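Chemist: Supplied in structure tokens, the structure appears directly below.
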Amino acid sequence: MAKELTSRSENYSQWYNDLVIKADLAEASAVRGCMVIKPYGYAIWEKIQGQLDRMFKETGHVNAYFPLFIPKSFFSKEAEHVEGFAKECAVVTHYRLRNDDQGKGLVVDENAKLEEELIIRPTSETIIWNTYKNWIQSYRDLPILINQWANVVRWEMRTRLFLRTTEFLWQEGHTAHATREEALEETLKMLQVYATFAEEYMALPVIKGVKTESEKFAGAIDTYTIETLMQDGKALQGGTSHFLGQNFARAFDVKFLNREGQLDLVWATSWGVTTRLIGALIMAHSDDNGLILPPKLAPIHVVIVPIHKNEEQLSQISAKAEVLKKELESKGLSVKYDGRDTHKPGWKFAEYELKGVPVRLAIGPRDLENNTVEVARRDTLEKMIVPADTVGTYIPELLANIQENIFRRASGFREKNTHRVNTWDEFREVAEVKGGFAYAHWDGTSETEAKIKEETKATIRCIPLDNEPEEGKCIYSGKPSKQRVLFAVAY
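Quick note, the sequence shown lines up with residues 436 to 926 if you use our numbering.
Structure, rendered in structure tokens:
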């Protein structure tokens with residue numbers, strides 16, 4: 436199992452694909468570019484979804500659902516938005532099939548052509564703002580704080596499981612506000628929710644920043660992002676929060692009577708994360724033995740494996756395991772007892788190592804005699820012998836330690852692979868050889884940004900929010916620059 440994984444040093448991309456498939460997370464489907472998320476992979480998504488949903492509701496948001504299909508004319512109303520998504524849209528043109536007259540099976544019924552084509556949603560701003568027009572008349576109707584858990588379709592040419600697929604799962608928040616200040620506050624609040632989730636639950640350090648004009652969301656005034664670093668030195672965008680200004684309210688004529696009794700356009704935000712977060716979890720933490728999952732997002736916290744030679748031993752061990760299982764479950768932990776007689780203990784150890792279960796308990800005849808258990812932690816592969824009577828307090832503390840250690844390790848990796856560069860040669864060495872983040876001066880022009888991307892594949896991931904002003908010269912053009920920005924080659 437784990438031995439069949441390609442090593443990261445040999446071929447990182449193949450290691451990732453091997454791991455997604457062999458750990459039973461997902462697989463390619465019969466539909467080109469789409470994936471089947473398998474139960475274990477979906478269980479991780481449910482953990483992500485559950486925690487984010489709690490955080491959204493704690494900040495005053497509620498869930499709703501909007502149609503999968505969007506009239507084509509809606510996209511035409513916001514010019515920048517339609518231009519940004521036009522090349523990725525899947526279009527429904529007919530509503531019926533019929534049997535072919537020549538007996539060649541089903542064909543599209545040409546008499547069933549839609550009066551207006553429908554776009555399968557790549558994102559929902561247009562359909563939602565068309566709806567909000569009916570909901571908003573006065574400042575008393577604001578703010579509207581809605582989130583949607585849904586699937587979207589963006590027609591991708593090059594796909595990779597979880598990271599980039601034609602159809603993927605996500606959440607998209609869409610909020611409406613009476614003032615610019617409220618909308619900006621919401622945009623930054625949700626960015627912080629994403630950053631907190633990434634660091635405290637995914638154990639993944641992030642850099643918060645704003646996208647450049649050429650990298651922002653189509654139709655936004657500003658796009659804010661959290662950027663993360665994977666073990667191969669490439670960046671991954673973890674989530675985005677968009678300040679939409681009044682663009683969509685203007686496009687769909689969403690006006691309200693403000694407190695001064697005057698008609699005004701509504702202010703908007705949108706924000707989202709996707710199943711790409713599972714790809715981030717894999718690439719940021721895992722090793723050549725398989726997944727390493729932060730305990731807070733692991734579907735199974737603890738697995739108990741019996742080691743026995745006969746049925747009598749198995750019966751005694753099973754009874755002991757059941758006691759420990761109930762005790763740990765009373766602490767809010769997810770515990771699995773694997774008593775299958777179809778696989779040997781060594782095979783089970785490799786399986787749960789591959790699947791990234793944070794803690795493994797092994798109980799054998801000697802453990803019954805000594806009232807102990809063997810504890811193995813997935814993040815370091817260390818093993819300890821622990822008194823069975825202390826398991827109820829020891830394991831929760833160990834899981835907290837594992838969560839902290841995974842974050843500490845990812846933070847150390849990012850620190851080691853973050854470079855301040857001052858020359859074009861230094862920049863190219865980071866972008867093309869070393870990998871990692873590069874803090875470098877940029878002259879602020881889209882022309883220079885495009886040239887750098889063309890020559891090195893590195894993009895400006897963001898202008899960090901904690902940037903300090905610093906006079907310098909652009910690493911490419913030599914023109915004056917007032918601050919450094921964050922570059923990296925990215926997924």
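All residues carry an ideal CB built from backbone N, CA and C; glycine is no exception. Remember, predicted model here, so these are calculated numbers, not experimental data.
I'd like to know whether the C-beta atoms of residue 928 and residue 559 end up nearer to each other than 9 Å.
Modeler: For the chain, the structure presents residues 436 to 926; residue 928 sits outside this window and is missing.
Chemist: Where does residue 437 fall in DSSP's three states?
Modeler: At residue 437 the pLDDT is 48, less than 50, meaning the model places this residue with poor confidence and gives no usable figure here.
Chemist: Could you give the DSSP three-state label for residue 687: helix, strand or coil?
Modeler: Reduced to three states, the DSSP call for residue 687 is coil.
Chemist: What residues in its chain sit with their C-beta under 6 Å from that of residue 740, if we drop five residues either side in the sequence?
Modeler: 773, 780, 783 and 797
Chemist: Could you tell me if residue 822 is buried or exposed, where buried requires 16 or more neighbouring beta carbons within 10 angstroms of its beta carbon?
Modeler: exposed
Chemist: DSSP on residue 736, reduced to helix/strand/coil?
Modeler: coil
Chemist: Who are the Cβ neighbours of residue 490 in its own chain at under 6 Å, not counting the five residues just before and after it?
Modeler: 628
Chemist: Among residues of its own chain, excluding the 5 on either side of residue 867, which ones have a beta-carbon nearer than 7 Å to its beta-carbon?
Modeler: Exclusion of the five residues before and after residue 867 leaves 891 as the residues of its chain whose Cβ lies within less than 7 Å of its Cβ.
Chemist: Quick one: using the 10 Å Cβ neighbour count with 16 as the cut-off for buried, is residue 437 buried or exposed?
Modeler: Low confidence applies to residue 437: its pLDDT is 48, below 50, so where it sits in the model is not reliable, and the reading given next is rough at best. Buried.
Chemist: Assuming residue 826 is part of the alpha helix (DSSP H), what are its boundary residues?
Modeler: 826-851
Chemist: State the DSSP-derived secondary structure class of residue 558, mapped to helix, strand or coil.
Modeler: coil
Chemist: By Cβ distance, which residues of its chain are closer than 8 Å to residue 835, with the 5 residues on each side in sequence left out?
Modeler: 730
Chemist: Among 465, 479 and 449, which has the Cα closest to the Cα of residue 713?
Modeler: 479
Chemist: What does the alpha-carbon distance come out to for the pair residue 443 and residue 727?
Modeler: Linking residue 443 to residue 727 through their CA atoms gives a straight-line distance of about 14 Å.
Chemist: Going by the beta-carbon positions, is the gap between residue 675 and residue 663 smaller than 9 Å?
Modeler: no
Chemist: With a floor of 4 residues, list each alpha helix (DSSP H) that falls wholly inside the region 707-767, ordered by position along the chain.
Modeler: 711-720 and 746-764
Chemist: Exposed or buried, which one is residue 697 when buried takes at least 16 other CB atoms within 10 Å?
Modeler: exposed
Chemist: Ordered along the chain, which non-local residues of its own chain (more than five positions away) have a Cβ less than 7 Å from that of residue 597?
Modeler: 455, 461, 710, 711, 713 and 714
Chemist: With DSSP collapsed to three states, give me the class of residue 778.
Modeler: coil
Chemist: From residue 744 to residue 458, what distance separates their C-alpha atoms?
Modeler: 29 Å
Chemist: Below 8 Å, how does it come out for the region 676-685 and the region 913-922: are there three or more Cβ pairs, yes or no?
Modeler: no
Chemist: Cutting at 8 Å between CB atoms, please list the residues of its own chain near residue 704, excluding the five before and the five after it.
Modeler: Contacts found: 608, 609, 610, 612, 618, 621, 622, 625, 676, 677, 678 and 679.
Chemist: Could you tell me the distance, in whole angstroms, from the CA atom of residue 541 to the CA atom of residue 552?
Modeler: 21 Å
Chemist: Just grab the DSSP bridge partners of residue 470 for me.
Modeler: 463
Chemist: Between the C-alpha atoms of residue 484 and residue 546, what's the straight-line distance to the nearest angstrom?
Modeler: 42 Å
Chemist: Taking one C-beta from the region 838-851 and one from the region 637-647 each time, how about it: are there three or more such pairs within less than 8 Å?
Modeler: yes
Chemist: Which class does residue 484 belong to by DSSP, given the choice of helix, strand or coil?
Modeler: helix
Chemist: DSSP beta-bridge partners for residue 659?
Modeler: 645 and 676
Chemist: DSSP three-state label for residue 627, please.
Modeler: helix
Chemist: Taking Cβ to Cβ, would you say residue 400 is nearer than 9 Å to residue 858?
Modeler: Because the chain here runs from 436 to 926, residue 400 falls outside it and cannot be looked at.
Chemist: If we count the other Cβ atoms within 10 Å of its Cβ and call it buried at 16 or more, is residue 919 buried or exposed?
Modeler: buried
Chemist: Around the Cβ of residue 514, are there at least 16 other Cβ atoms within 10 angstroms (buried) or fewer (exposed)?
Modeler: The residue is exposed, with fewer than 16 neighbouring Cβ atoms inside 10 Å.
Chemist: Mapping DSSP to helix, strand and coil, what is residue 821?
Modeler: strand
Chemist: Tell whether a beta-carbon distance below 9 Å holds between residue 768 and residue 482.
Modeler: Not closer than 9 Å, so no.
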